[in-house]
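A.B. asks: Heads up: the sequence shown at position 121 corresponds to 121 in the UniProt record's numbering, and the numbers run straight through without jumps. The beta carbon of each residue, even a glycine, is placed where N, CA and C say it ideally should be.
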Amino acid sequence: MVKNELLECLLREKEARHSNGVIYYYTQTKMAYNSNRFEGNRLSEDQVREIFLKNTILSSNNIPVDINDIIKTINHFNAFDYMLEIAREPLTEKVIKKFHFLLNRGTICEYTKDRIEAYINNQNMESILSEYAINILLEKYNTLIKKSLHNLIEFYMQFEMIHPFKEGNGKVGRLILFKECLNSGIMPFIIMKDFRLYYKREINDYEKKKRYLNEICLLSQDQYRTICKYFQII
1 MVKNELLECL LREKEARHSN GVIYYYTQTK MAYNSNRFEG NRLSEDQVRE
51 IFLKNTILSS NNIPVDINDI IKTINHFNAF DYMLEIAREP LTEKVIKKFH
101 FLLNRGTICE YTKDRIEAYI NNQNMESILS EYAINILLEK YNTLIKKSLH
151 NLIEFYMQFE MIHPFKEGNG KVGRLILFKE CLNSGIMPFI IMKDFRLYYK
201 REINDYEKKK RYLNEICLLS QDQYRTICKY FQII
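(1) For S59, which residues from the same chain have a beta carbon less than 8 Å from its beta carbon, with the 5 sequence-adjacent residues on both sides left out?
(2) Could you give the distance in angstroms between the alpha-carbon of N4 and the alpha-carbon of L182?
(3) Could you tell me the alpha carbon to alpha carbon distance between L7 and D69, rounded to whole angstroms?
(4) Using the Cα positions of I71 and K229, report the straight-line distance between them to the nearest angstrom.
(5) Is it true that the region 168 to 177 meets the region 29 to 39, where meeting means three or more beta-carbon pairs spaced less than 8 Å apart?
(6) Can you give the Cα-Cα distance for R211 and K147, rounded to whole angstroms?
(7) Apart from the five residues just before and just after F231, which ones in its own chain have a Cβ nearer than 7 Å to its Cβ?
(8) Hey, could you find the ends of the alpha helix (DSSP H) V48 is sitting in?
(9) Can you find the residues in the same chain that come closer than 6 Å, C-beta to C-beta, to A87, ignoring five residues on each side of it along the sequence?
(10) Alpha helix (DSSP H) containing L84: first to last residue?
What follows is the structure in structure tokens.
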């Protein structure tokens, strides 16, 4: 179990805007880089750090930089900050939508209709079913008094299966996982891009291979725990 020290440290460092050598800087840059990489972002880890520290970016070997990659990186920083601020609050549809909005603000995706919103205008049955499925999933999840890592992974996988947004479901889901770990006293984790092939295979074949995702999360949890110990957070 993880006490509130980690969350309190992250919030404290967020307010002070610490940079090198502390857990907030490490988590922000590692998570933004790796989570966006899963979705096709082409920025290097050095470029992500440069954006976080100096709000600037240098092109690597004269390779053009996609402006959407930059915006999505900055958006992830902001979404992570919001996640820390509401980490102790219950997980709701409103929170999920806010994650998606923050992650996609100012990008091409922002100007497309999200399926989770479309039901309001009665646009299609798929949208209505997605909305209904999310509400059922949240209702079932929030009845759990004491949540385990297994419960969190189950929620995440079902969220991915519902696939409520046209894009960005993975990034939203990974923020949910981090938030709910903090809220449940569980060591959070960052899934590194090196696990991409195993991770994507798991998403596509959950019922047969869910043990792979459990193993990935446990290994990622061990990696983050080691970092927390290095920074003397726990």
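C.D. replies: According to the data block:
(1) Your numbering for residue 59 matches position 59 in the sequence shown. Close CB contacts of S59 within its chain, under the 8 Å cut and outside five residues either way in sequence, are with V65 (chain order).
(2) The residue you call residue 4 lines up with position 4 of the sequence shown. The residue you call residue 182 lines up with position 182 of the sequence shown. Note on geometry: alpha-carbon atoms of N4 and L182 lie some 8 Å from one another.
(3) Residue numbering aside, residue 7 sits at position 7 when the sequence shown is read from its first letter. Residue numbering aside, residue 69 sits at position 69 when the sequence shown is read from its first letter. If I take the Cα positions, the gap works out to 28 Å.
(4) On the sequence shown, position 71 is the one that residue 71 refers to. On the sequence shown, position 229 is the one that residue 229 refers to. Across the structure, I71 and K229 are spaced so that their CA atoms are roughly 32 Å apart.
(5) Segment contact: the region 168 to 177 against the region 29 to 39, three or more CB-CB distances shorter than 8 Å; contact assigned.
(6) Within the sequence shown, numbered from 1, the residue matching residue 211 stands at position 211. Within the sequence shown, numbered from 1, the residue matching residue 147 stands at position 147. Here the alpha carbon of R211 sits roughly 18 Å from the alpha carbon of K147.
(7) Taking the sequence shown and counting its residues from 1, one reaches residue 231 at position 231. The answer, listed in chain order, is V22 and I23.
(8) Position 48 of the sequence shown, counting from 1, holds the residue named residue 48. It spans E45 to K54 - the alpha helix (DSSP H) in which V48 sits, taken as one unbroken run.
(9) The sequence position of residue 87 within the sequence shown is 87, counting from 1. Cβ neighbours of A87 beyond the five flanking positions: L7, K179, L182 and N183.
(10) Position 84 of the sequence shown holds residue 84. Segment I67 to E85, the alpha helix (DSSP H) holding L84.
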